[in-house]
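First residue of the sequence shown: 1, per the UniProt record's numbering; consecutive thereafter.
Working notes, beginning with the structure itself.
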Amino acid sequence: MNVPIVAGDVDDGGFDRPRFLRGSDPRVATCRGKLQNKRSKLNQEINKELRLRAGAENLFKATTNRKLKETVALELSFVNSNLQLLKEQLAELNSSVELYQNVDGDEPIMPMIPLGLKETKDIDFRDPFKVSFETTQ
1 MNVPIVAGDV DDGGFDRPRF LRGSDPRVAT CRGKLQNKRS KLNQEINKEL RLRAGAENLF
61 KATTNRKLKE TVALELSFVN SNLQLLKEQL AELNSSVELY QNVDGDEPIM PMIPLGLKET
121 KDIDFRDPFK VSFETTQ
């Protein structure tokens, strides 16, 4: 029977080490897990900013005080810029996550490593293609 390990379940010899549920130890998190955690935190921040924006828009519509409207408009611009930055960060993280997902299912996807022009060598393709050109004639 698989029972999760919870704080206080196992005698650790008097040491006060934190216990985690099996598979939830942050020190052993995989790269994909770390990306997912960052994504969830960004999504939470985006939702918070969306709620702030909705409240600021409601206050902007409801108020008749000119000075308060200016203050709320300034706050709205800050919220919108923060929201844009968070969405850009999320898009960047989503592109990182796609590296670890097998979209086709045919073969594993490996991230490509760009090579500079000086790192490449000239290859003569005439010999390998010579046979195929001769057979088609």
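Glycine included, every Cβ here is placed at the ideal spot set by N, Cα and C.
The structure presented is a predicted model; accordingly, all values stated were derived computationally and were not measured.
At a Cβ-Cβ threshold of 8 Å, Glu75 and Ala56 count as neighbours. Secondary structure of Ile46 (DSSP, three-state): helix.
The shortest CA-to-CA distance from Leu50 to any of Leu85, Asn65 and Glu92 is the one to Leu85.
One thing to note: Val79 has its Cβ within 8 Å of the Cβ of Leu52. DSSP, reduced to helix, strand and coil, places Thr30 outside both helices and strands of the structure shown, so it counts as coil. Remark: C-beta atoms of Leu35 and Ser96 approach each other more closely than 8 Å. Within its own chain, the residues whose Cβ lies closer than 8 Å to the Cβ of Leu83, once the five positions on either side in sequence are excluded, are Ile46, Glu49, Leu50 and Arg53, listed in chain order.
Taking 8 Å as the cut-off, the beta carbon of Leu93 is found no closer than this to the beta carbon of Leu59. Between the alpha carbons of Asp122 and Val131 lies a distance of about 20 Å. In the three-state scheme derived from DSSP, where H, G and I count as helix and E and B as strand, Asn80 is classed as helix. The three-state reading of DSSP puts Thr64 in coil, since its state is none of H, G, I, E or B.
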